[in-house]
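Right, one structure below, let's go through it.
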Amino acid sequence: MTTTAWEPIHGKPYRSVGYRPPRLPAQETLATAAALRARMEQRRTVRQFSPDPVPTQAVRDAIAVAATAPSGAHQQPWTFVHVTDPQVRRRIREAAEEEERDAYAGRLGEEWLEALRPLGTDEVKTHLTDAPHLVVVFQQRYYLAPDGTTRKHYYVNESVGIAVGMLLTALHLSGLAALVHTPSPMRFLSELLHRPVNEKAFAVIPIGYPSPDCQVPDLTRKSLDQVMVEIGDA
Ligand code: IYR
């Protein structure tokens, strides 16, 4: 595990640089957008993974994509812990299953359990050991300098959520399957992965190929009409 020194931009004078991305012809924009839409509509959350290895650099590249996400005050309040060590994955699974046993035995409450029924989830988390890679995403609730001083971070949930969305998109477009797993509570992850006190686990993302017998719930997505409201005649 490596960490990189990071200097917050707080208090620095505003400086700008030119930004001139090439403008695509409209036809190319339309074709790219339609192709991307079709590919993303194929994405499914996978809970049954093959233990087959995946190209490690592809996962690192997807993390690098996630780290391009916009963030509140450009504070980039995230840490991605990339775990391949089988023993660490096993410990994460054991601790997650212990928490989830209580959750599914009643802690979630009947309404929540009812909402989860169509997904077929339970306390058995084979994906945490079958998937060859785990990315555990931590949110930096505040900035913690090496000398112990702290500074507020803004819109941390929103920023980390956007980054996770970009991670999932990058993984899917690279041909890899993933799952956003949110064991509750997640404090055990800070301990197992030795994260500093300013960081809080946000999600565990198992990554790999679907197992040959992978099944996913028979779900449909809301149509565009159901999720989009247009104002204006463009
Ligand atoms: N965290 C539990 C329960 C769970 C909750 C939601 I909301 C889901 O969409 C899926 C599962 C688990 O991971 O099983």
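Using the working numbering, read the sequence shown as starting at 137 and increasing by one per residue.
Each residue gets a CB set at the ideal place from its N, CA and C atoms; glycine is no exception.
In this text the structure is predicted, and so the values were computed from the model without any measurement.
Verify the contact flag: residue i, CB atom, against every heavy atom of the ligand IYR, threshold strictly below 7 Å.
i	result
His263	no
Glu236	yes
Ser310	no
Leu252	yes
Arg270	Here residue 270 is Leu; the residue named in the question, Arg, does not match the sequence. The answer is no for Leu270.
Pro319	yes
Leu255	yes
Ala337	no
Ala239	yes
Starting from the C-beta of residue i, find all residues in its chain whose C-beta is less than 6 Å away, skip the five residues before and the five after it, and write them out in chain order.
i	result
Tyr291	Gly208
Leu303	Ala198 and Ala202
Ala299	Ala202, Ala205 and Trp214
Lys336	Gln275 and Arg277
Pro346	Val182 and Ala313
His308	Arg179
Leu255	Pro353
His218	Val271
Asp266	Phe185 and Pro187
Any idea what DSSP makes of residue i, helix, strand or coil?
i	result
Pro222	helix
His269	strand
Thr257	coil
Thr181	coil
Ala169	helix
Val363	helix
Ser295	helix
Ala251	helix
Ser326	helix
Val352	coil
Leu160	coil
Thr192	helix
Thr262	coil
Starting from residue i, follow its DSSP beta bridges and name the residues at the other end.
i	result
Arg113	The question about residue 113 has no answer here: the residues shown for the chain are numbered 137 through 370.
Gly344	Ala313
Trp142	DSSP, once it has assigned bridges, lists no residue as partnering Trp142.
Ser186	Tyr345
Phe216	Val273
Glu335	Gln276
Please go through the same chain and pick out, in chain order, the residues whose beta-carbon is closer than 7 Å to the beta-carbon of residue i, but skip the five residues on each side of it.
i	result
Val273	Trp214, Phe216, Val296, Val300, Phe338, Ala339 and Ile341
Ser320	Glu235 and Ala239
Met322	Ala337
His146	Arg287
Arg225	Val219, Leu264, Thr265 and Leu270
Just tell me which of the options has its CA closest to the CA of residue i.
i	options	result
Arg237	Leu312, Val219, Arg323 and Lys261	Lys261
Arg357	Gly154, Tyr345 and Arg179	Arg179
Asp221	Leu264, Met364 and Ala170	Leu264
Lys148	His210, Arg196 and Thr168	His210
Phe390	Pro268, Arg225 and Ala231	Nothing in the structure corresponds to residue 390, since the chain is present only between 137 and 370.
Val190	Ser359, Leu315 and Gly311	Gly311
Arg243	Ile228, Ala194, Gln212 and Glu259	Glu259
Ala280	Asn334, Ala241 and Asp266	As written in the sequence, residue 280 is Leu, which differs from the Ala given in the question. With distances taken between Cα atoms, Leu280 lies closest to Asn334.
Thr192	Gly368, Asp266, Ile343 and Arg173	Ile343
Leu360	Glu177, Arg156, Glu230 and Asn293	Glu177
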